[in-house]
Amino acid sequence: MSAVNTSGGQQVGTTNIPAAADKVPGPDDGARNEPAAPVAHWSDVTIEDVFAARDRIMPFLHRTPLRSSATLSRMTGTEFSLKIEAFQRTGSFKTRGALNALLQLNDEQKARGVITLSAGNHGQGIAWAAREVGTKAVVYMPEGAVPTKVEAIRNYGAEARFAPDMDTIRELVAECQREHGYTFISPYDDARIVAGQAVVGLEILEDAPDVETVVVPVGGGGLIAGIALGIKAQRPDIRVVGVEPEGATVVRPSLQAGHPVRAEKIETIADGLAAPVAGVLTQAIIEHYVDDVVLVSDEEIINALWTILDRTKILVEPAGAAATAALLTGKAGARKGSRTVSVLSGGNIDPAKLKTILPG
Ligand SMILES: Cc1ncc(COP(=O)(O)O)c(C=O)c1O
799 MSAVNTSGGQ QVGTTNIPAA ADKVPGPDDG ARNEPAAPVA HWSDVTIEDV
849 FAARDRIMPF LHRTPLRSSA TLSRMTGTEF SLKIEAFQRT GSFKTRGALN
899 ALLQLNDEQK ARGVITLSAG NHGQGIAWAA REVGTKAVVY MPEGAVPTKV
949 EAIRNYGAEA RFAPDMDTIR ELVAECQREH GYTFISPYDD ARIVAGQAVV
999 GLEILEDAPD VETVVVPVGG GGLIAGIALG IKAQRPDIRV VGVEPEGATV
1049 VRPSLQAGHP VRAEKIETIA DGLAAPVAGV LTQAIIEHYV DDVVLVSDEE
1099 IINALWTILD RTKILVEPAG AAATAALLTG KAGARKGSRT VSVLSGGNID
1149 PAKLKTILPG
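Heads up: the sequence shown at position 8 corresponds to 806 in our numbering, and the numbers run straight through without jumps.
Written out as structure tokens, the structure is:
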């Protein structure tokens, strides 16, 4: 179904997903751009899993609003609305998947605690959810992580640890997991995470049943895999389009290669979208359901951020502006006059970064 998937055909696998997802990706996973072992299939997460996730998590979370904007409609040439995940607990959609995963821990796993790696928002989601379910959380982050995200993770009660780069982080996470028996929760390549993020798709469908194109920012691919599943399993006629920064694209080249590959470079203002490697489960789901993945520049993301602030008074982080950038530039390929929904995925902007992108 994917417009960028030139491989033709799905991976067919039989492996148990939670077990595969519990494995910390090794520094070499995807590094040589060779096909990953076929360990996942798009049907490994079902719409029933998504409904169950909604029932499990929504008693604790906000149902975020869908807001239209006349000016953004005019500027995009579509009937435009924003799904405002910046208003979710912890300031991003990440809390949905994190809570869905942590609410399914057994007593022994809960007693030991969880470990994850994150650019910041997933770490906040895990830290918040860990506090809710009463378990310990350790979050490894790159040394350059946004300070306000680090502070929030600590304020929710999790332990924040740092390493210079993702390869080192993965090694340290694996080591720490072995030593303490923590459960690893991937930021995106995990059936429980995908099912939790998919609840965003259910809500969009309820609030905008006449939507024609849903545009979603893409990092590792958990959000778009979930939203595409939540929508397309019920309404295959709706287009779902992903957006990556030009300076940090992994999902588009992975679809072109037919297997998850590594980012060639990670250089973007959108720290939330700077995933170093695509997921295996997410790849299978995205290949099956997603119509296209397009690229936007940092300049286009920054323009979208200021346009959103100007027109809706909502301050988003750069990752949260990427989908709107693709609609403003016409790259999302939405039909003129059709109903569109742009997923405003998070609002945790770094005040120091904000100063550097102020319009001159
Ligand atoms: C604000 C924001 N938007 C989008 C994404 C992308 O999500 P995913 O990695 O599931 O594709 C992230 C990931 O951290 C994020 O923090």
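No residue lacks a Cβ here, since even glycine has one placed at the ideal position from N, Cα and C.
Only a predicted model underlies this, so the values are computations on that prediction, with no experimental measurement involved.
- What's the gap between the Cα of Ser1095 and the Cα of Thr893? Near 27 Å, if we compare the C-alpha coordinates of Thr893 and Ser1095.
- Message: Given this structure, state the Cα-to-Cα distance separating Asp1108 from Arg929, to the nearest angstrom.
- Response: So the alpha carbons of these two residues sit roughly 36 Å apart.
- Message: Nearest by alpha-carbon distance to Thr869: which of Pro863, Phe878, Arg861 is it?
- Response: The option with the nearest alpha carbon to Thr869 is Phe878.
- Message: Taking a contact to mean a Cβ-Cβ separation below 8 Å, would you say Gly1018 touches Pro985 in this structure?
- Response: Taking 8 Å as the cut-off, the Cβ atoms of Gly1018 and Pro985 count as close.
- Query: Among the residues of its own chain, which have a CB less than 8 Å from the CB of Glu1001, if the five just before and after it don't count?
  - Reply: Once the five neighbours on either side are set aside, the close Cβ partners of Glu1001 are Arg861, Thr862, Leu864, Lys881.
- Lys881 lies in the beta strand (DSSP E); which residues open and close that run? Note, Lys881: beta strand (DSSP E), 877-882.
- Nearest-angstrom Cα separation, counted from Asp1035 out to Gly1145: Distance between the alpha carbons of Gly1145 and Asp1035: 30 Å.
- Message: Assess contact between the stretch 989-1009 and the stretch 1054-1065, defined as three or more Cβ pairs (one per stretch) separated by less than 8 Å. Is contact present?
- Response: The answer is no - the stretch 1054-1065 does not touch the stretch 989-1009, with fewer than three Cβ pairs under 8 Å.
- Message: I want to check one thing, is the minimum distance from the CB of Lys881 to the heavy atoms of ligand 1 below 7 Å?
- Response: Every heavy atom of ligand 1 is 7 Å or more from the Cβ of Lys881, so no.
- Message: Restricting to Cα atoms, I'd like to know which of Met964, Glu1085, Ala1046, Tyr938 is closest to Ile1067.
- Response: By alpha-carbon distance to Ile1067, the top candidate from Met964, Glu1085, Ala1046, Tyr938 is Ala1046.
- Sheet register partners of Ser890 (DSSP bridge): According to DSSP, Ser890 bridges with Gly1144.
- Query: How should Gly979 be labelled, buried or exposed, when 16 other C-beta atoms within 10 angstroms of its C-beta is the threshold for buried?
  - Reply: The residue in question, Gly979, is exposed, as its Cβ has fewer than 16 Cβ neighbours within 10 Å.
- Task: May I have a chain-ordered list of the beta strand (DSSP E) segments no shorter than 3 residues that lie completely inside the stretch 833-860?
- Result: Counting only runs of 3 or more, we get nothing.
- Confirm the yes/no value for this check: CB of Gln995, any heavy atom of ligand 1, distance under 7 Å. It does: the Cβ of Gln995 is within 7 Å (strictly closer) of some heavy atom of ligand 1.
- Item | With 16 other Cβ atoms within 10 Å as the buried cut-off, status of Ala1076 | Counting the other CB atoms within 10 Å of its CB gives Ala1076 a total of 16 or more, which places it among the buried residues.
- Item | Option nearest Trp1104 by Cα separation, candidates Thr1122, Asp963, Ser1140 | If we check each option's Cα against that of Trp1104, Thr1122 comes out closest.
- 8 Å Cβ shell around Pro1074 - same chain, five flanking residues per side excluded: Around Pro1074: Met964, Val1048, Arg1060, Ala1061, Ile1064.
- Item | Stretch pair the stretch 934-952 + the stretch 906-925: three plus CB contacts closer than 8 Å | Two segments are said to touch when three or more pairs of C-beta atoms, one from each, lie closer than 8 Å; by this definition the stretch 934-952 touches the stretch 906-925.
- Beta-carbon proximity list for Phe858, same chain, < 7 Å, skipping 5 on both sides: Here the set comprises Leu897, Glu930.
- Message: So, with DSSP's three-state summary, where would you put Ala972?
- Response: For Ala972, the three-state secondary structure derived from DSSP is helix.
- Message: Could you check whether the Cβ of Tyr986 sits closer than 7 Å to any heavy atom belonging to ligand 1?
- Response: Checking every heavy atom of ligand 1 against the Cβ of Tyr986, one is found closer than 7 Å.
- Message: Would you say the beta carbon of Lys1151 is closer than 7 Å to some non-hydrogen atom of ligand 1?
- Response: Because no heavy atom of ligand 1 lies under 7 Å away, the Cβ of Lys1151 does not count as near it: no.
- Going by the beta-carbon positions, is the gap between Phe891 and Ser1143 smaller than 8 Å? It is a contact, given that the beta carbons lie within the stated cut-off.
- Task: Name the one or two DSSP bridge partners that Thr1011 has.
- Result: Within the DSSP bridge table, the entry for Thr1011 names Arg1037, Thr1138 as partners.
- Query: Cβ of Ser890 versus every heavy atom of ligand 1: is any distance shorter than 7 Å?
  - Reply: Answer for Ser890: yes, Cβ within range of ligand 1.
- Query: Which runs of the alpha helix (DSSP H), 4 residues or longer, sit entirely within the stretch 908-932?
  - Reply: You should have 919-931.
- Can you give the beta carbon distance from Thr1110 to Thr874, rounded, assuming they're within the 8 Å contact cut? Contact check for Thr1110 and Thr874: beta-carbon distance about 13 Å, past the 8 Å limit, so the pair fails to qualify.
- Output the distance between the C-alpha atoms of Ile1106 and Arg968, rounded to the nearest integer angstrom. Distance between the alpha carbons of Ile1106 and Arg968 is about 35 Å.
- Item | Nearest-angstrom beta carbon gap, Val1012 and Gly1038 [assumed within contact, 8 Å] | At residue 1038 the sequence reads Val, which differs from the Gly that was named. About 5 Å separates the CB atoms of Val1038 and Val1012; that is less than 8 Å, so the two are in contact.
- Between the Cα of Thr914 and those of Pro1116, Glu1044, Phe982, spot the shortest distance and give me the residue it belongs to. Answer by Cα proximity: Phe982.
- Task: Put Tyr980 into one of helix, strand or coil per three-state DSSP.
- Result: Assigned with DSSP and collapsed to three states, Tyr980 falls in coil, not helix or strand.
- Pro1015: beta carbon under 7 Å from a heavy atom of ligand 1? Judged by the Cβ position, Pro1015 qualifies as a neighbour of ligand 1 at the 7 Å threshold, a heavy atom of the ligand being closer than this.
- Nearest-angstrom Cα separation, counted from Ala1023 out to Glu846: Spanning the alpha carbons of Glu846 and Ala1023 requires a straight line of approximately 15 Å.
- Message: Looking at the secondary structure, which residues open and close the beta strand (DSSP E) in which Tyr938 lies?
- Response: From DSSP, the beta strand (DSSP E) with Tyr938 extends over 935-940.
- Task: Please classify Glu957: does DSSP put it in a helix, a strand, or coil?
- Result: DSSP places Glu957 in strand when its eight states are reduced to three.
- Message: With a threshold of 7 Å (Cβ to nearest heavy atom), would Ser1143 be considered close to ligand 1?
- Response: Ser1143: yes, Cβ under 7 Å from ligand 1.
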